[in-house]
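Reviewing the structure listed below.
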Ligand SMILES: Cc1ncc(C[n+]2csc(CCOP(=O)(O)OP(=O)(O)O)c2C)c(N)n1
Ligand SMILES: Cc1ncc(C[n+]2csc(CCOP(=O)(O)OP(=O)(O)O)c2C)c(N)n1
Ligand SMILES: [Mg+2]
Ligand SMILES: [Mg+2]
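Chains as they are written, first to last, in the numbering used here: chain V, 5 to 332; chain E, 5 to 332; chain H, 4 to 364; chain X, 4 to 364.
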């Protein structure tokens, strides 16, 4: 019988790292404050003590060095899991992410490949200081050679992280800060993987599809609840893997409902919602009863905490968009 | 009477820089090889000799330093025009572009602003070595606080560059390498500006709208020519300013024709075409006769020169897409 | 090369508060003034910590222990000089004229905290480690191009020296001879990472060798050393003799921020030892020992500080909230069509009293 | 500190080809072998230039003048050591076992040039300045973690030292004690920018001080100096004594690439002077003067080189073109659904003989 425990997402991530370190001696964890401090969110808590400073490594404060050396570590036979303390600081490592990690397989025509996981907390809702709450997934989803994933539950967090660590290609693993401790879920203790590239239908429905990922999945679910009490049946899809997108699952849902609302925190213009909307209108054009509609952050920088509740998509805005497409 | 001269795009850019340096003593040019060498494409030819090494400055080889110090120069009262030698190398300056230049107005609540132009050659078609042909406009169009523009003619190149230099906010000025010397156009010698934020209807048509920018405008025009001989009337719109988009002009055109094909070199997934398609189906849903269709680079890194002709959108692919939407 | 010999620690007042160097550049009055400032700043910092614990403000990065460096640096500048610091550098900003309630406002998540008073030549505090160092170089370079006798100072931490931007900034400044003063507040930890894991070299100052610029190491808890050294350095740099790197060796007495628990990574005995040299106690001891201030004056300073900080808390808490729609107003010089639409949408939500977005930070 | 004294230029064979140091680590035979290599490499490099001028290959970055550094470095390595170099480092790669025709293939725009033979422990040449330096650190670190006695060497230019990645790499390697050798080919120009505008310091080697690692300056046109120094350095690093920074002072005889015109930025007299020390002529002079090789042998080497290069050109030109659809095959370990669709679309275009995309580079 499977041993399970009721874990928060951060505990599930910690358990996945622990298991990976225990199972595969090539796995190592590196980043700022991941050692004795256990990570600023405690994702790596206890790992330094258990696996030592060679495998759980505090690096100097230099993101390009973290990712760039992790590329070398991966090429040299290790399975590095690098942490970027907050996603907003990944810009410092942008070349190493985009031109190096993501393209070495291509540039070497398959001789080399880079099994690297870069973990980063992201998103709003927790009143961080400036630059700590950015959602930058769209930038990375545009980069060939990289995979981008984000879980919305403890179960998926563990299973997707293990799948990412086993993946032969670089994976950007985005962790929604506001879900770290938002709830608990039964999580098996053993190794299991949630395959990358597969969206998850969170609940089925007939009238409209709510498409969300990461921190916005609970918002979409709450909106669906609220819509249900008004007699509207909403299907909720958690995208999970942002690159490559599981367009098949998304298209199926929208073909069925004829209406879609996409929800993400990132700025609207050029956000991932644009790609999803563009692809869905290509694939489900004749089924669409209304334009595919986006509920997103506004086209401003992520605001200071005092204004973030107004800025972030919330249940009201999602409901309003659903009603808009339903009465189009 | 206006004095005009028949110039290539690179000459028009050179003339704009010359004029800006002559007209406004706060203007300065900085970057790698922009001094005695006159830039690797000769964009800054003759300027070092004319304005001296204080105003036309060869910097050390460090993109973050170029953009980051240019932010300081701009805050200190200068009007820096920085060059990134090829757009692919802007990743090294990504934090300074996105979090610093683009957000200082916001973070300082309007006390500071950053009148900075960053020029960068981009795009394929000229058989460059690896990493020199990337089209990264989508990444920057997603960043609030930054403007992104790209001309497709010598006239626009000069007028938009002067408008960018006068703009109070940071502008990423993307120069299509393959158009640098692709043709000549009458360009006034005096100062004139082509306003940012305005798309240009290159030719009017009724059956389908071809939306392109930068290096793909001539391809769209050639496709329109070819379609015309088959009795199809295509409207061609040059987006010109990629951020903020002139959705009004685009929407008008698509509302009229009911069909749109978007053409860009950048990878398809998450490219600017996604935003344009998503916005247009929101704004012109009831006028659409067919899905908005994209003709783009493939979702791979920009290939080595031997394969680039197969990779880049060309007239055949644009025509095929136009026919697809016409017969949908 | 022995860096500890090449870059000896400049100290004027030792850890016991005894004079071990020359203090001819600084009067008793000025020292007393510094103590007054330290008292106010320390009081503010501790109050901020408590306010965070009470949930009245959000994350706060305390500067206690680093007052001598921050005040010493700020005091050595002219009003027209630029200061580009990080999230921890409120003490320097306040000394230069930023009202006491700004750091509180900032930790309350108020956008307005980014707009420092126009009279204060400083950029908003920087969150991205090392990014501001390049801005200082550009500001210094601009001053030089415009023939102004202005310098730009950048404050940053020991962790910041590992970033590429640190290197690019020092290299560029050295090549352009941009009048920049680089002040590293080496407080020995970057969050939990001790300096020995941040760098393999014994000093930050020796990095100056890489750029052929002057490097200095100063006791950052000694206001006399910092102030007098900075005075000399700023003068030199202002005179066009090229940029200088100053390493101020200091110690953060508290946590990295209110979200941090330093007992997880700082050995207790080490902490006890390093606290000894802290700048306020050291200066007070010296001033008391030499009768420059009396116990009564010290007590009065503390009273006054408390009153000032009470007033700052009041100001911060009474500060009018920014209207939600103001989030659109400083993205560009003018609203784009997209922002105009979005602003109107938000304004509708706000005025309709929509329940969802209503909670303020 | 006087860097020119602290980091004296290590020279064994001076510019006139006279022995001015110890050459006990290197036999006559090996020197003759080096001359043979230099001859082949120089012939290849010049042929590549001509091929570009004839339009038979695309942009090409010549390495002439830098053979002593590149060969000297490569020769000091064991086969299991990693080499991470830039676009200009084909001479080092060829010495390690990459066939002569690879650089031609690369400049013809063939994807296959990125797949170096499996037996050659090297990454594909790097275009992004300084990025490969961090990869070398990671590779060295991995070797250390796995208990392998492997070092990683990174080759990069003088311009590369200005990049943040250079600094981050040296700092990280020093902290981790990763067995890395950093070799800067200081050829005095970064495209058109001379070293004096790249850095304010007199040497690259002195940057080692910033990281508390060993720094050395060697005459990069002197194969004896480079080879013997590198032998010692690699041994040290392999033994776990920490990373080393080697500055090899050299000169690129030709243009930056075939797209560049150095007469725009290099004064003629300076160019004339700096050409003097070039490595091939220097070594030949020494070997001839001491009767180690004869004029006939030199002539024969040149003949052989010509034949080898002829063959390389033939191989490059006969190399089968990559099918256009192959562009999809190495993006990920497996095709994504998107790539599968796109690949099928391109395959249709290719097989339908579509006129548009047909031209090959
Ligand atoms: C580029 C970047 N990376 C990571 C962080 C997260 N972070 C904030 S403060 C800090 C440590 C900074 O240490 P130091 O430079 O020594 O300054 P101190 O906090 O000690 O004043 C880190 C890692 C950040 N803000 N920016
Ligand atoms: C990050 C980055 N910026 C700019 C360029 C364009 N570029 C190619 S080579 C070069 C000069 C390199 O100089 P150096 O490091 O001295 O090497 P060398 O060419 O002399 O061998 C420049 C600026 C680049 N390839 N990568
Ligand atoms: Mg610190
Ligand atoms: Mg060079």
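Beta carbons: idealized from backbone N, C-alpha and C, even for Gly.
What does DSSP give as the partner residues of residue i in its beta bridges?
i, result
"residue 189/V", "11/V"
"residue 125/V", "179/V"
Using the Cα positions of residue i and residue j, report the straight-line distance between them to the nearest angstrom.
i, j, result
"residue 235/H", "residue 305/V", "41 Å"
"residue 261/X", "residue 111/X", "13 Å"
"residue 227/X", "residue 28/X", "9 Å"
"residue 91/E", "residue 116/X", "23 Å"
"residue 364/H", "residue 127/V", "Bear in mind that the predicted position of residue 364/H carries a pLDDT of just 35, short of 50, making it unreliable; the figure below should be weighed with that in mind. Spanning the two alpha carbons is a distance of roughly 16 Å."
"residue 287/V", "residue 256/V", "9 Å"
"residue 171/H", "residue 30/V", "34 Å"
"residue 346/X", "residue 246/V", "21 Å"
"residue 320/E", "residue 97/V", "38 Å"
"residue 155/V", "residue 218/V", "5 Å"
"residue 264/H", "residue 258/H", "6 Å"
"residue 88/E", "residue 307/V", "30 Å"
Spatial neighbours of residue i within its chain, please: CB distance less than 6 Å, with the 5 preceding and 5 following residues excluded, ordered by chain position.
i, result
"residue 283/V", "251"
"residue 24/V", "31 and 169"
"residue 325/H", "114"
"residue 267/V", "216, 220, 224, 299, 317 and 322"
From the beta carbon of residue i, is the nearest beta carbon of chain V less than 8 Å away?
i, result
"residue 303/E", "yes"
"residue 108/X", "no"
"residue 11/H", "no"
"residue 171/X", "yes"
"residue 241/H", "no"
Indicate whether at least one CB of chain E lies closer than 8 Å to the CB of residue i.
i, result
"residue 295/V", "yes"
"residue 113/X", "yes"
"residue 144/H", "yes"
"residue 364/H", "Note that residue 364/H has pLDDT 35, beneath the 50 cutoff, so the model's placement of it is unreliable and the number below is only indicative. False, the Cβ-Cβ gap to chain E never drops below 8 Å."
Under DSSP, the beta strand (DSSP E) around residue i begins and ends at which residues?
i, result
"residue 22/H", "First-last for residue 22/H: undefined, no H or E at that position."
"residue 177/E", "175-180"
"residue 2/V", "Residue coverage of chain V in this structure runs from 5 to 332, which leaves residue 2/V outside it and unanswerable."
"residue 150/X", "First-last for residue 150/X: undefined, no H or E at that position."
"residue 102/X", "Unbroken run through residue 102/X: none, as it is neither H nor E."
"residue 325/E", "Looking at the DSSP string, residue 325/E is not in any beta strand (DSSP E); the run it does join, the alpha helix (DSSP H), is 319-330."
"residue 85/H", "85-87"
Got a sec: is the Cβ-Cβ distance from residue i to anything in chain X below 8 Å?
i, result
"residue 308/E", "yes"
"residue 236/E", "no"
"residue 332/E", "no"
"residue 117/V", "yes"
"residue 195/E", "no"
"residue 73/E", "no"
"residue 129/H", "no"
Over the uninterrupted alpha helix (DSSP H) stretch that includes residue i, give me the two end residues.
i, result
"residue 32/E", "No alpha helix (DSSP H) contains residue 32/E, which is instead part of the beta strand (DSSP E) from 31-35."
"residue 156/H", "Where residue 156/H is concerned, there is no enclosing alpha helix (DSSP H), although the beta strand (DSSP E) it sits in stretches over 155-160."
What does a CB cutoff of less than 8 Å around residue i pick up in its chain, not counting 5 residues either side in sequence?
i, result
"residue 134/H", "168"
Would you verify that the beta carbon of residue i is, or is not, closer than 8 Å to some beta carbon of chain H?
i, result
"residue 68/E", "yes"
Could you pull out every residue in the same chain whose Cβ sits closer than 7 Å to the Cβ of residue i, ignoring the five residues on either side in sequence?
i, result
"residue 201/E", "245, 248 and 250"
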